[in-house]
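Converting from the sequence shown to this note's numbering requires adding 43 to each position, the first position being numbered 1. Built from N, CA and C at the ideal position, the CB exists for glycine as well.
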Amino acid sequence: MVTKLEGAVNCLVTVFHKYSLASGHYHTLSKDKFRKLLETEIPEVLKNPKDPKTVEKILKEVDSNKDGMINFEEFLFLATRLLVDAHDATHE
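Structure follows, in structure tokens:
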């Protein structure tokens with residue numbers, strides 16, 4: 044039986060691969076696929092998920108190696124920020 048935490052880990056991997064494999068890259072998300080992921084998977088978290096400036100800002104913050112692509116580690120940086128924000132919101 045899969046625990047809730049194991050399910051959450053599997054979910055993160057599955058979501059990443061859903062978008063990375065759609066563009067033919069197993070290890071990275073293109074800018075367009077990253078935008079689609081944000082718009083589709085976390086629209087309520089972002090103030091303006093369809094605004095190109097919002098996506099550009101997030102891309103610049105997350106793309107630590109500045110290659111214009113989002114690798115899994117960079118994706119996890121975003122996920123970690125979202126988790127911290129969600130945790131903090133439970134204490135407000």
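- About 6 Å separates the CB atoms of Ala122 and Leu55; that is less than 8 Å, so the two are in contact.
- Going by DSSP, Ile101 is part of the alpha helix (DSSP H) stretching over Pro95 to Val105.
- Taking each of Val88, Glu87 and Lys93 in turn and checking the Cα distance to Lys76, the smallest one comes out for Lys93.
- Annotation: Lys74 to Thr57 spans about 18 Å, alpha carbon to alpha carbon.
- Annotated as proximal: Ile113 and Leu72, with beta-carbon spacing under 8 Å.
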